[in-house]
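Sequential numbering from 11 applies to the sequence shown in our numbering.
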Amino acid sequence: MSLGSDMTSVLPQLVTPDEAASYLGISPYTVRARLNSGAIPGRKHGARWLIRVVDLAAYVEPNNDPEG
């Protein structure tokens, strides 16, 4: 089985701090600071932060449950 378009519906959608910053209207530096403090949930892949879209939505709207 290849990781084609079928897998994109299964895997969580991820964004970078730069993409999250653009969406939130804040600087990428601020997003990284909030990732480091744990205010925005994210994971490091090597030196690069990745943020699940559902976690970003939950950060914007705190009453959202990111797991559904």
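Note that the Cβ used here is the ideal one computed from N, Cα and C, for glycine as well.
Straight-line Cα distance separating residue j from residue i
{"i": "Arg58", "j": "Leu66", "result": "16 Å"}
{"i": "Tyr39", "j": "Pro22", "result": "24 Å"}
{"i": "Val25", "j": "Lys54", "result": "12 Å"}
{"i": "Arg62", "j": "Tyr33", "result": "13 Å"}
{"i": "Ser37", "j": "Glu29", "result": "10 Å"}
Outcome for residue i when other beta-carbon atoms lying within 10 angstroms are tallied against a minimum of 16
{"i": "Gly35", "result": "exposed"}
{"i": "Arg44", "result": "buried"}
{"i": "Gln56", "result": "It is Gly, not Gln, that sits at residue 56 in the sequence shown. Result: exposed."}
{"i": "Pro72", "result": "exposed"}
Reference residue i; option with closest CA among the options
{"i": "Tyr69", "options": "Ala49, Ser37, Ser32", "result": "Ala49"}
{"i": "Val41", "options": "Ile61, Pro27, Gly52", "result": "Pro27"}
Which residues DSSP lists as bridging residue i, in chain order
{"i": "Leu60", "result": "Arg53"}
{"i": "Leu24", "result": "Arg62"}
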